[in-house]
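A.B. asks:
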Amino acid sequence: MATLTFNDISFEDKEISIQINFLRIFSAEIQKKELEAIGKFSITKNSITFDAAEAKAGKKFNFLLAEAFKNLKNKITRQKTIYIHQNSGIPLIGHNAFGLIDRNTSIIEVRCITGCNLDCLYCSVSQDKRPIDFVVEKDYLVQGFKELVKHKQIDNLEAHIGTQGEPLLYLPLPELIKDLAAIPEVSTIALDTNGTLLTKNKVDELINAGLTRFCFSINAANQELAEKIANKHYNLQHILELLNYISKKQVQLILTPVWIPGINDDEIPKIIELSKKLGCDIGIQNFLNYKFGRNPVKQMSWEEFIEKMKTLEKQHNAHLLFDFKQDFNIRQTTPLPKPFRKSQIIKAKIIAPGRLKNEMLAVAKERVISVHNCNMPLNSSVKLKIIREKHNIFSAVLI
Ligand code: SF4
1 MATLTFNDIS FEDKEISIQI NFLRIFSAEI QKKELEAIGK FSITKNSITF
51 DAAEAKAGKK FNFLLAEAFK NLKNKITRQK TIYIHQNSGI PLIGHNAFGL
101 IDRNTSIIEV RCITGCNLDC LYCSVSQDKR PIDFVVEKDY LVQGFKELVK
151 HKQIDNLEAH IGTQGEPLLY LPLPELIKDL AAIPEVSTIA LDTNGTLLTK
201 NKVDELINAG LTRFCFSINA ANQELAEKIA NKHYNLQHIL ELLNYISKKQ
251 VQLILTPVWI PGINDDEIPK IIELSKKLGC DIGIQNFLNY KFGRNPVKQM
301 SWEEFIEKMK TLEKQHNAHL LFDFKQDFNI RQTTPLPKPF RKSQIIKAKI
351 IAPGRLKNEM LAVAKERVIS VHNCNMPLNS SVKLKIIREK HNIFSAVLI
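Here the numbering used here is used: the first residue of the sequence shown is 1, the next is one more, and so on.
Here it is, written out as structure tokens:
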């Protein structure tokens, strides 16, 4: 008899298959007849037992699991999901949707998951044009983070968990925060969240793990409009109670509304007053038009936005315009070497579908490269021309 027990996986009987639930919101299936080929089996919540020798059962089950994960699905977004782990062959640097982003400052951006429980009408990273989700193994992310820290050689670093989606969907978020907080050079851990999945217990858990800043997006102080913007069920009362709760904790709270002209103009002054009532910071964001985002309105020019901020600062006697470098103690750090330059022709290997439609991911020199208009098979060797490189985020086309 061989019993295989898992922490991140649970099993569910589905008549002709066994559903594998991974990190709560992902799932894949293995046909029962494939499992029976290993040996007679039974499941409990987190384990599977085979009437077979342990080594054989372990090896064969891991093979079936790896095959099933090729069709991993995000149960919230219902999208195909790529699991990026230590043995996936996918580096953590090179993409803006997952892994680590180093913009040569004292902030390292940590992107552990994509996908969101809301569907905001202004979302710049919405699913419409992004049919693939990603989730990253926590230990792989932490290991990669430590290597970047070594390269930077400065203290008081910020780990900023900001995802193309909602990071509260990442089950091991408290453990991720705990591991980042244990790195001596890290002094700040910030989290961008829409707050809808938070509870008071979760707030406490994250703070106890080492979170030092909540960046909380709230776009309206009016239930009807908040729900209209979120495009999903949205409980404003719950959000307000949480904000009140967080504001009394030993943690920085920043409200981060997005000003969507013509949609929430009347809400911005109310949110400024809310921040004053809570005694917290506020960082109003200018809604921007993106090619691959939702664009319900035309963005305000930066000049107009700054003028409006100055007027609101006077009207509400509030600090609204930040000098980010100074206010957030952002310092320049040694740039991470870029293995490619723009226009360079390189050889790479196709490794996974990309985040965008008609995009594939390629790998070369420990970097991920997004290849546009590509439908080459997995594992094929390709010749690419780099068309964009900024902060070690690369895009290319086939040549
Ligand atoms: S909360 Fe953010 S990521 Fe989620 S749908 Fe809204 S804008 Fe997009």
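All residues carry an ideal CB built from backbone N, CA and C; glycine is no exception.
Since the structure is predicted, the reported quantities are computational estimates derived from the model, not experimental observations.
Is Gln31 helix, strand or coil when you go by DSSP?
C.D. replies: strand
A.B. asks: Go ahead and pull the three-state DSSP assignment for Thr105.
C.D. replies: strand
A.B. asks: Helix, strand or coil for Met376 per DSSP?
C.D. replies: Assigned with DSSP and collapsed to three states, Met376 falls in coil, not helix or strand.
A.B. asks: For my contact list, Glu185 and Val142 are in at a C-beta cut-off of 8 Å; report their separation, rounded to the angstrom.
C.D. replies: Not confirmed; about 13 Å, so no contact.
A.B. asks: Whole angstroms is fine: what's the gap from Pro257's alpha carbon to Asp204's?
C.D. replies: 23 Å
A.B. asks: Hey, would you say Leu191 sits closer than 8 Å to Phe214, going by beta carbons?
C.D. replies: yes
A.B. asks: Tell me whether Val135, by its Cβ, gets closer than 7 Å to a heavy atom of the ligand SF4.
C.D. replies: no
A.B. asks: Is Gly283 near the ligand SF4, with its Cβ less than 7 Å from a heavy atom?
C.D. replies: no
A.B. asks: Taking the CB atoms as reference points, tell me whether Ala68 and Ala2 lie closer together than 8 Å.
C.D. replies: no
A.B. asks: Over what stretch of residues does the alpha helix (DSSP H) that includes Met309 continue unbroken?
C.D. replies: 302 to 316
A.B. asks: If we call anything under 8 Å between Cβ atoms a contact, is Val363 one with Ile351?
C.D. replies: yes
A.B. asks: Taking all protein chains shown into account, do 16 or more other C-beta atoms lie within 10 angstroms of the C-beta of Lys178, making it buried, or fewer, making it exposed?
C.D. replies: buried
A.B. asks: Shortest alpha-carbon distance to Ile93 belongs to which of Val136, Ser10, Asn71, Ile260?
C.D. replies: Of all alpha-carbon atoms in Val136, Ser10, Asn71, Ile260, the one lying nearest the alpha-carbon of Ile93 is that of Val136.
A.B. asks: Taking contact to mean at least 3 C-beta pairs separated by less than 8 Å, is the region 102 to 112 in contact with the region 318 to 337?
C.D. replies: yes
A.B. asks: Please indicate yes or no: does the CB of Cys112 lie closer than 7 Å to some heavy atom of the ligand SF4?
C.D. replies: no
A.B. asks: Checking 8 Å against the spacing of the C-beta atoms, do Asn317 and Lys232 come in under that value?
C.D. replies: Their beta carbons are not under 8 Å apart, which means Asn317 does not touch Lys232 by this criterion.
A.B. asks: Along the chain, where does the beta strand (DSSP E) that runs through Tyr234 open and close?
C.D. replies: Counting along the chain, Tyr234 falls outside any beta strand (DSSP E), and DSSP gives it neither H nor E.
A.B. asks: For the putative contact between Ile189 and Ala230, defined by C-beta atoms under 8 Å, what is the C-beta separation to the nearest angstrom?
C.D. replies: Between Ala230 and Ile189 the Cβ distance is about 26 Å, and since that is not below 8 Å, they are no contact.
A.B. asks: Using a threshold of 7 Å, is the CB atom of Asn194 nearer than that to any non-hydrogen atom of the ligand SF4?
C.D. replies: At least one heavy atom of the ligand SF4 falls within 7 Å of the beta-carbon of Asn194.
A.B. asks: How close, in whole Å, do the beta carbons of Lys338 and Asn392 come, if the pair is a contact with beta carbons under 8 Å?
C.D. replies: 6 Å
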